[in-house]
Amino acid sequence: MNTVLSNATSTDEHPSTSITRKGILLIVGALLALLIIGLLMRLYTLGVPFDRDSYDEGVYWQTLRSLAAGSALYHPTFYSQPPMFILSIFPTYLLFGQTLWAARLGIALVSLLGLVGISLLGYALRGWLGAIVALLLLLLAPLYLSASQTIQAEGPQVAFSILAVAFAYLWWHNPSGRRGNVYAGLCTLTLMLSIFSKLFALATLVPVCLLALAHLWRIRQQTAGSRWQASCSLLIGVAVMILATLLIMLPFLGHLGDFWSSVISFHTAASKVTGHISNTGRVVRFFIAPLGIAALYGSIVALVRRDWRVVPLLGWALACAILLWQQEPLFDHHFVIVIPALVALTCMGLGPLPLSSQQWHQLPALLTAGSLLLVLITLGVGARGIQVNYRNWQAQAASGGTQGSLRAAHDLQQAIAPDQLVITDGQFVAALAERNTPPELVDTSSVRINTDYLTSSQLIQLASQPRVHAILFYTGRLTNSKLKPFREWIPTHFREIHSYGKDSSLWVKIQ
């Protein structure tokens, strides 16, 4: 085992040792340039006036509006995710004008932390070459770019998870002294930020805990006198984890019941009412895409080299795959959680670049060449996917459906005053109109209705409030058969002023 550990460490060091100071400055400059390109890629089409996820963006946009109006998370504002996702983008939302663009900008900026993190992880695994390759792979990953422009929890969660794993590997190579203490603290801090953004981040515990356990084994091999010093960074990491958890949860201690009901119980109930559909085929198809094949190749190469550091990454990818397989319902954007693990595994196939033509004929160089070829193929496929996505987003922005939503938003804006509320299943349209829903109704999803977390009696009670002056049927969710009593109640208290087709209409309160 000692031999394997020493081999792993040496594998990490030699890619960078022969680079001059000038060369390092050039590489750092290239990495910074790629980060700037990443920011520009996120700003492009950032403000398109449609819900990129068809529904969830409207929910989270209304959640931000509810927070800006002074309502707290969980009580009264219904919110089904841990708090850090929405809180991480809320300052940017306030600072840049409380618009759709401002909300998405918050996601874009947090996602840049993921790009920084993947560079650090690539460097920890395979030196400067690993840093560049890892950054390029994540930069041209269509799913990560999409998550970086959409108001959803996956973007911040994945970004913080990447940082946590990157700091874990940096800590593994420097576990002692001030640097080791800082890495350990940053690792557990970003780990908690990730978990408290979305519970998919529980998969990130696997690589972090495996590295911690390996360090404990390493401590056991040392003399009794040096064990305390070797354990110090671990203790600091645990302390930071506990402190971060307490600070994040502190504002919600008075409403722990609401927190648990929304974040845990709601999703448990949702899994029971959602019709079970096997996710095996979708998960397998995703893993046999170019990035999955490149990751498999990198894993095999690392095992051939006896570089055990691949094991935590394999555990990370496996944990993500299990979460995806069990997820009900499973949407395409959920697959972004496994992208960083696949990128890291791909980097494990890299080695030092040969310095002479003779070295290119040796096995290590051939293995690296194979990895670079797969990287180029993956980058090409990713770039093409991003190009297609940009084209589709521009087309959708000019589509009849988007124009119809803008007209409905204009009608709503004319129908009620800014301080009046609307009950709707088209939260995005209401936000386009710069109108708020009641904080309890920022989410009127089918899942919430089918789990009885939203009932007709609740809707009638909220619609009877003096500040509620409109009801907008737009996405069909409020036509759920469970809400028939609510719909039968409406005509005696509201009148229809606009119809937008089947199951879509705008009603205002009868004065």
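Going from the sequence shown to my numbering is simple: count from 1 and add 1427. Using N, Cα and C, we set each Cβ at its ideal position, and we do this for glycine too.
Checklist line | Three-way DSSP call (helix, strand, coil) for V1735 in this model | finding: First, the residue type needs correcting, since residue 1735 is Trp and not Val in the sequence shown. W1735 falls in the coil class under three-state DSSP.
Notebook entry, point to check: Residue range of the alpha helix (DSSP H) that I1589 falls in?
Noted result: 1581 to 1600
Next item on the list: Leaving aside the five residues before and after L1889 along the sequence, list all residues of the same chain whose C-beta is less than 8 Å from its C-beta, in chain order.
Entry: The answer, listed in chain order, is I1850, P1865, E1867, L1868, V1895.
Check: Does the Cβ of L1680 have 16 or more other Cβ atoms within 10 Å, making it buried, or fewer, making it exposed?
Finding: Exposed, by the Cβ-count rule.
Note to self: Quick check on the DSSP output: the alpha helix (DSSP H) that includes E1484 runs from which residue to which?
What the structure shows: 1483 to 1495
Margin query: Here's the rule: buried if 16 or more other CB atoms are within 10 angstroms of the residue's CB, otherwise exposed. What is V1711?
Written below: exposed
Note to self: Can you tell me where the alpha helix (DSSP H) holding W1787 begins and where it ends?
What the structure shows: From DSSP, W1787 is part of no alpha helix (DSSP H); its letter is neither H nor E.
Next item on the list: Would you mind giving the Cβ-Cβ distance between R1469 and A1561, rounded to the nearest angstrom? I have them listed as a contact below 8 Å.
Entry: With a Cβ gap of about 18 Å, R1469 and A1561 do not count as contacting.
Note to self: Among Y1520, G1474, W1735, whose alpha-carbon lies nearest the alpha-carbon of T2005?
What the structure shows: Summary: the structure shown does not reach residue 2005, with the chain confined to residues 1428 through 1938, and so no result is reported for it.
Item checked: Residues sharing a beta bridge with W1934, DSSP -> I1898, E1923
Item checked: Neighbour-count burial assignment, D1852, 16 or more Cβ in a 10 Å radius -> Its Cβ being crowded by 16 or more others within 10 Å, D1852 is buried.
Note to self: Quick check: the Cα distance between L1532 and R1553, rounded to an integer number of angstroms?
What the structure shows: Straight-line spacing of the CA atoms in L1532 and R1553 works out to 32 Å.
Notebook entry, point to check: Using the C-alpha atoms, what's the distance from M1619 back to H1761?
Noted result: 20 Å
Next item on the list: Quick one: grab the DSSP three-state call for T1444.
Entry: Residue confidence is low: T1444 scores 48 on pLDDT, short of 50, so the model does not pin down where it sits. No coordinate-derived value is stated.
Item checked: contact_flag[the region 1869 to 1887, the region 1817 to 1824] where n(CB pairs < 8 Å) is 3 or more -> no
Next item on the list: Flag F1686 as yes when its Cβ comes closer than 8 Å to any non-hydrogen atom of the ligand MN, and as no otherwise.
Entry: The ligand MN is absent from the structure shown, which contains no ligands of any kind.
Next item on the list: Take the Cβ of L1921 as the centre, count every other Cβ of all protein chains shown within 10 Å, and call the residue buried at 16 or more, exposed below.
Entry: The amino acid at residue 1921 is misidentified as Leu; the sequence shows Phe. The residue in question, F1921, is buried, as its Cβ has 16 or more Cβ neighbours within 10 Å.
Note to self: Only counting the same chain, and skipping five residues up and downstream in sequence, which positions put a Cβ closer than 6 Å to that of I1451?
What the structure shows: Correct list: empty, nothing qualifies.
Next item on the list: Keeping to the same chain, check which residues put their C-beta closer than 7 Å to that of G1725; ignore five residues upstream and five downstream.
Entry: Only L1772, T1773, C1774, M1775, G1776, S1798 meet the Cβ criterion.
Note to self: Need the endpoints of the beta strand (DSSP E) that L1848 sits in, please.
What the structure shows: 1848 to 1851
Next item on the list: Could you tell me how far apart the beta carbons of P1583 and S1515 are, in whole angstroms, since I believe they sit closer than 8 Å?
Entry: 5 Å
Notebook entry, point to check: By Cβ distance below 6 Å, which residues in the same chain neighbour S1883 in space, the five residues on each side in sequence not counted?
Noted result: If we look at S1883 and ignore the five residues flanking it on each side, its Cβ neighbours are L1910, P1912, F1913.
Check: Taking one C-beta from the region 1612 to 1632 and one from the region 1650 to 1657 each time, how about it: are there three or more such pairs within less than 8 Å?
Finding: no
Item checked: Element boundaries [alpha helix (DSSP H), containing N1706] -> Bounds of any alpha helix (DSSP H) do not take in N1706, whose DSSP letter is neither H nor E.
Check: When the Cα atoms are used, what is the spatial distance from L1733 to L1597?
Finding: What sits at residue 1733 in the sequence shown is Arg, not Leu. Going from the Cα of R1733 to the Cα of L1597 covers about 19 Å.
Margin query: For L1500, list the residues DSSP reports as bridge partners.
Written below: For L1500, which the question treats as bridged, DSSP gives the partners T1504.
Next item on the list: Report back the beta-carbon spacing between N1706 and W1743 to the nearest angstrom; my notes put them in contact at under 8 Å.
Entry: 19 Å between Cβ atoms; not a contact.
Margin query: Quick check: what's the CA-CA separation for P1952 versus M1511?
Written below: For residue 1952 there is no data in the structure shown, the boundaries of the chain being 1428 and 1938.
Next item on the list: Measuring alpha carbon to alpha carbon, tell me which of T1526, S1689, E1755 ends up nearest R1709.
Entry: E1755
Margin query: Within 8 Å, do at least three Cβ pairs link the region 1786 to 1796 to the region 1588 to 1603?
Written below: Pairwise C-beta distances place the region 1588 to 1603 out of contact with the region 1786 to 1796, as fewer than three of them are shorter than 8 Å.
Notebook entry, point to check: Bridge partners of N1863, per DSSP?
Noted result: L1848
Margin query: Contact between the region 1597 to 1617 and the region 1567 to 1581 is defined here as three or more beta-carbon pairs at a separation below 8 Å; is this criterion met?
Written below: By the Cβ test, the region 1597 to 1617 is not in contact with the region 1567 to 1581, since fewer than three Cβ pairs between them sit closer than 8 Å.
Notebook entry, point to check: Can you list the beta strand (DSSP E) stretches of 3 or more residues lying completely in the region 1601 to 1643, in chain order?
Noted result: As far as the region 1601 to 1643 is concerned, it has no whole beta strand (DSSP E) run of at least 3 residues.
Checklist line | Nonlocal neighbours in the same chain, by C-beta distance under 8 Å from Y1941, ignoring five residues either side | finding: Only positions 1428 to 1938 of the chain appear in the structure, and residue 1941 is not among them; the question remains open.
Notebook entry, point to check: Taking 9 Å as the CB-CB cut-off, is N1907 touching chain C?
Noted result: Of the protein chains in the structure, only one exists, and it is not chain C.
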